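Here the structure is laid out as structure tokens; the discussion comes afterwards.
Dropping the structure here:
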């Protein structure tokens, strides 16, 4: 049967609960009611904190730390339909954790591959994220990414930016990771004013663009290779590609 | 005429660009609360230039003034080019400004020889001191050891930097004498030997070191080059040897004529592939090539080796141990890991391998998977060569980065 849930992690955990307690046979999981239905029953999941918490505790008990992280990570891949495979992953994990390594099962292979895709995106964005300095010294970065990787970026840059306050703004999801002296949080951003940059910002950006050009070797010119390594969709906020 | 920082950066980045290394990997995460900068074990690429090389570090010379006259070098004293120098403070500030904006992982600092070796090394160290002590900067720093500078200075460099290097420039003493009369093999290797000894006394984990040699400016065979690399990996505890396809920038009686000379990119690519085989795949240099031989241009070194050792094949991927599997052409470490993981659960067929997104393009000629093997061509060298050529189109395009895109290692 087709199952409808609200797309939240809590909703998904409730779904897992219902699968076990209401003995659902799931054929598909959707976030939105499809426009046309042919003879199919739809079971709607209503997010429920108590049920979700129960499942969360069970996950914490039966899955290793690393595999719990896999489950959370998969959920950050919010532009992929991973729910059915994730449900299978959890089902197999409860039954016999040893089988979770069996990548000849298409669901488990999908989960493993998707997590790698996420982590490789995270790794790329560790490099490709660009900060700009605001008037008050805060560093501000805009990103547009396929998956929700703010938690990763936030942790990564907290380690390397020391005491400097910074904001990473996910333009696609209207979320922002904000770190200042007193707090570290992910906010949802309803609207924002165009920021005012520090006096030095334009100059440093120009230096960077100069460096970027000067360090390329003409006789090895290979824009195709460059495009493979920094595909166009990453370049939106990388100033070296805007000159 | 006084140059602005922008002019200096343009000139000194341009002069530094022929150094290949840009890796920022291999340093453990050294996060300290409230301090600026932190290294990342796998290294991070921050951008890629129009030649497809990665930018991980701010790679500049402190100065392009040089008292040496090396034939192949753009900064040799006999060249009439504009000369300039950063002050250590200018460069430190620039590094911090770039780092804060996440343009770079850190600094790669080299220099022409100003006045003498010790003077130059001291200036490099002064830059490092400002970064480490004043700015409390913990990001990645790679510094060139100036051959001929004193032991004390080299000692200090190993304390301040994450990686030190000294380029051996050319693959033999003979070529050095011909093209770089101010340098000798002993002089170039001595700072690396000092650095190794010093850091071994201090830690059980020695400081990471690398070197670079120019390929195609002199007459050595690939066999000579790989033999040298392999002995450097074993003796000097080098982490990496970089190969740099010779790019003609000068006229010289012992060098190829610039107008007629294209950088030998494919040869460079093959050397990197062979280097990978040395470091990660358990091959020795004399397995890869016979004396005086060069690497094959048509086939990658692993395929070439396989074609000469057909008695080693076919390999049963359901039972063979890891170190045997990694000798199969067309299968990299990642594919092998997937196979090892999956075969615990079932006997794998060709179809299973395809399901696991493992490319069989080359590998299928060399493996057995359950009852599957490639029936169309038997293990005869000539037939296999033809099959490999026809299905693969032409020669594989040289991309330096095919194994390194994820880790940021060049």
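Residue numbers (this note's numbering), protein chains in the order written: chain X, 1 to 243; chain P, 1 to 410. Idealized CB from N, CA, C, for every residue including glycine. Note that the structure is predicted; figures quoted are calculated from it, not measured.
Quick check: is the beta carbon of residue i nearer than 8 Å to any beta carbon in chain X?
i	result
residue 95/P	no
residue 36/P	yes
residue 390/P	no
residue 20/P	no
residue 396/P	A caution first: residue 396/P carries a pLDDT of 43, below 50, which makes its placement in the model unreliable, though a value can still be read off. So no, residue 396/P is outside the interface.
residue 101/P	yes
residue 13/P	yes
residue 342/P	yes
residue 3/P	no
residue 263/P	yes
residue 281/P	no
residue 382/P	no
residue 73/P	no
residue 50/P	yes
residue 55/P	yes
Straight-line CA distance for residue i to residue j?
i	j	result
residue 227/P	residue 221/P	10 Å
residue 242/P	residue 24/P	14 Å
residue 244/P	residue 319/P	40 Å
residue 113/X	residue 147/X	14 Å
residue 400/P	residue 269/P	Its pLDDT being 42, under 50, residue 400/P is placed unreliably by the model, and the measurement read from it follows with that caveat. Residue 400/P and residue 269/P: Cα-Cα distance of roughly 6 Å.
residue 68/P	residue 202/X	38 Å
residue 77/X	residue 164/P	40 Å
residue 349/P	residue 266/P	35 Å
residue 178/X	residue 138/P	23 Å
residue 179/P	residue 255/P	8 Å
residue 8/P	residue 237/X	26 Å
residue 125/X	residue 174/X	18 Å
residue 16/X	residue 55/X	7 Å
residue 171/P	residue 239/X	40 Å
residue 403/P	residue 276/P	At residue 403/P, the pLDDT of 41 sits below 50, so the modelled position is not reliable; the number obtained from the coordinates is stated separately. When rounded, the distance between both Cα atoms is 9 Å.
residue 158/X	residue 31/P	10 Å
residue 112/P	residue 351/P	57 Å
residue 6/P	residue 13/P	11 Å
residue 312/P	residue 261/P	40 Å
residue 328/P	residue 10/P	46 Å
residue 164/X	residue 39/P	17 Å
Is residue i buried or exposed, if buried means 16 or more other CB atoms sit within 10 Å of its CB?
i	result
residue 280/P	exposed
residue 89/P	exposed
residue 116/P	exposed
residue 82/X	buried
residue 390/P	exposed
residue 183/X	exposed
residue 181/X	exposed
residue 354/P	exposed
residue 248/P	buried
Kindly say whether residue i, judged by its beta-carbon, lies nearer than 8 Å to any beta-carbon of chain P.
i	result
residue 223/X	yes
residue 73/X	no
residue 230/X	yes
residue 202/X	no
residue 147/X	no
residue 12/X	no
residue 238/X	yes
residue 102/X	yes
Is it true that the CB of residue j sits closer than 8 Å to the CB of residue i?
i	j	result
residue 213/P	residue 192/P	no
residue 197/X	residue 139/X	no
residue 44/X	residue 99/X	no
residue 141/P	residue 131/P	yes
residue 135/P	residue 74/P	no
residue 103/X	residue 342/P	yes
residue 295/P	residue 271/P	yes
residue 108/P	residue 22/P	yes
residue 47/P	residue 230/X	yes
residue 330/P	residue 363/P	yes
residue 7/X	residue 23/X	no
residue 84/P	residue 110/P	no
residue 222/X	residue 51/P	yes
Report, in whole angstroms, the separation of the C-beta atoms of residue i and residue j, which I expect to be a contact under 8 Å.
i	j	result
residue 37/P	residue 99/P	6 Å
residue 70/X	residue 111/X	7 Å
residue 162/P	residue 223/P	Actually they are not in contact, since the Cβ atoms of residue 162/P and residue 223/P sit about 33 Å apart, beyond 8 Å.
residue 26/P	residue 239/P	6 Å
residue 166/P	residue 144/P	7 Å
residue 185/P	residue 195/P	Contact doesn't hold; Cβ gap of about 17 Å is too wide.
residue 158/P	residue 207/P	5 Å
If you measure from the CB of residue i, is any heavy atom of the ligand COA nearer than 7 Å?
i	result
residue 374/P	What this structure holds is no ligand at all, so the ligand COA is not there to describe.
Q) Taking a cut of 8 Å between CB atoms, which residues from the region 177–195 of chain X lie near chain C? A) The question asks about chain C, but that chain is absent: this structure's protein chains are X and P.
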